[in-house]
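Residue numbers (the UniProt record's numbering), protein chains in the order written: chain A, 1 to 108; chain B, 1 to 108; chain C, 1 to 108.
We put the beta carbon where it would ideally sit given N, CA and C, even for glycine.
Just below is one structure, and these are the notes that go with it.
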Amino acid sequence: MNAIKLHPLKKLEIILAGEHKEFATDLLDRAGVKGYTIVGNLSGKGSHGLYGGHLMFNEDDVLIMIIAAVPQSLVDPLLDGFQPFFDAHSGVIFVSDIQVGRLAKFMA
Amino acid sequence: MNAIKLHPLKKLEIILAGEHKEFATDLLDRAGVKGYTIVGNLSGKGSHGLYGGHLMFNEDDVLIMIIAAVPQSLVDPLLDGFQPFFDAHSGVIFVSDIQVGRLAKFMA
Amino acid sequence: MNAIKLHPLKKLEIILAGEHKEFATDLLDRAGVKGYTIVGNLSGKGSHGLYGGHLMFNEDDVLIMIIAAVPQSLVDPLLDGFQPFFDAHSGVIFVSDIQVGRLAKFMA
Numbered sequence: 001m002n003a004i005k006l007h008p009l010k011k012l013e014i015i016l017a018g019e020h021k022e023f024a025t026d027l028l029d030r031a032g033v034k035g036y037t038i039v040g041n042l043s044g045k046g047s048h049g050l051y052g053g054h055l056m057f058n059e060d061d062v063l064i065m066i067i068a069a070v071p072q073s074l075v076d077p078l079l080d081g082f083q084p085f086f087d088a089h090s091g092v093i094f095v096s097d098i099q100v101g102r103l104a105k106f107m108a
Numbered sequence: 001m002n003a004i005k006l007h008p009l010k011k012l013e014i015i016l017a018g019e020h021k022e023f024a025t026d027l028l029d030r031a032g033v034k035g036y037t038i039v040g041n042l043s044g045k046g047s048h049g050l051y052g053g054h055l056m057f058n059e060d061d062v063l064i065m066i067i068a069a070v071p072q073s074l075v076d077p078l079l080d081g082f083q084p085f086f087d088a089h090s091g092v093i094f095v096s097d098i099q100v101g102r103l104a105k106f107m108a
Numbered sequence: 001m002n003a004i005k006l007h008p009l010k011k012l013e014i015i016l017a018g019e020h021k022e023f024a025t026d027l028l029d030r031a032g033v034k035g036y037t038i039v040g041n042l043s044g045k046g047s048h049g050l051y052g053g054h055l056m057f058n059e060d061d062v063l064i065m066i067i068a069a070v071p072q073s074l075v076d077p078l079l080d081g082f083q084p085f086f087d088a089h090s091g092v093i094f095v096s097d098i099q100v101g102r103l104a105k106f107m108a
């Protein structure tokens, strides 16, 4: 068995209404994100951050979660790029630490 | 580009049979969790913790995963609240660290 | 309320074409992984690490994500076991830290 060297990356989990999928993937592409995976047909519930108590999603909305692994250097530009969208639309971005075996797949 | 301040939260990933969805979302609502996202139509396999070796899920069971981002202070009450359920039913809860840009969406 | 003792584990998120599901679950079973959850019908895009710039997945491919919580001791053997597969096929494995309340469900 060979020792596997793991490399740290950041995972973004972007949850938003499915109708905005192209906006989000275009933004990821333009920022230089090399890949993403999309989980479809989610449901959810939440309150809107700016107008607390208002429904963010109805149970019936079709949500998607876009999962992308990116270098640390892309986290701030991506969050900044999505900020105007999330000022006007519902959804969230979770940022977390992951490790991957093959850094080349994720670096521009 | 503005610097984005990130705030730490805990992510709960609750995997259980779809028939128990309402029990779980009711528990989250009553605990003050402000939102969650549900991934449906999962499949899975596992052994039951109390009776090792018995099947936890069959390949054919319809499972769901409920994803919720909560403040640290809610983790113990939620795990405690789910404990009797998972004593009697199959499933798991994963707890992990995430960061979010907008804390207001997740705090009561 | 009882204090819940949490135990650290590693979460593997294995994203690959759905046609290779059995290969992956067989490998997990043989390595002693006690359970996993499969998210189906994903879509995605990415470039291949070995041949940068080539498409890893087309938007139309049916991808799956296999989620498994494993003890630290299984991470290297599993990454090692999947390495020849990912040398020849598209896909990724994300490794991250999680905590669980019931260690017995995840240990051989």
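| Proximal residues to GLY101/B (C-beta, below 7 Å), its chain only, five neighbours per side dropped | ILE4 and LEU6
| For ILE15/A, which of LEU27/A, ASP29/A and LEU42/A has the nearest alpha-carbon? | LEU42/A
| query | Is the beta carbon of LEU9/B less than 7 Å from the beta carbon of PHE94/B? | reply | no
| field | N-terminal and C-terminal residue of the beta strand (DSSP E) that residue 133/B is part of | value | With chain B covering only 1 through 108, there is no way to say anything about residue 133/B.
| task | Pick helix, strand or coil for PHE106/C, following the three-state DSSP scheme. | result | coil
| said: Between which residues of its own chain and ILE64/B is the CB-CB distance below 7 Å, once the five residues before and five after are set aside? | reply: LEU16, GLY18, LYS21, ILE38, VAL39, GLY40 and LEU42
| field | CA nearest to the CA of LEU27/A, picked from ALA88/A, ASP80/A, SER96/A and HIS89/A | value | ASP80/A
| task | Could you check what DSSP says for GLY18/B in three-state terms: helix, strand or coil? | result | helix
| query | Hey, quick one: how far does the beta strand (DSSP E) through VAL62/B stretch, first residue to last? | reply | Per DSSP, VAL62/B belongs to no beta strand (DSSP E) and is neither H nor E.
| query | LYS45/A versus chain B: which residues are under 7 Å apart at the beta carbon? | reply | GLY35 and TYR36
| query | Of all the CB atoms in chain C, is at least one closer than 7 Å to the CB of LEU16/B? | reply | no
| query | chain A partners of GLY40/B, CB-CB under 9 Å? | reply | ASN41, LEU42 and SER43
| field | Nearest-angstrom beta carbon gap, VAL33/A and VAL70/A [assumed within contact, 8 Å] | value | 6 Å
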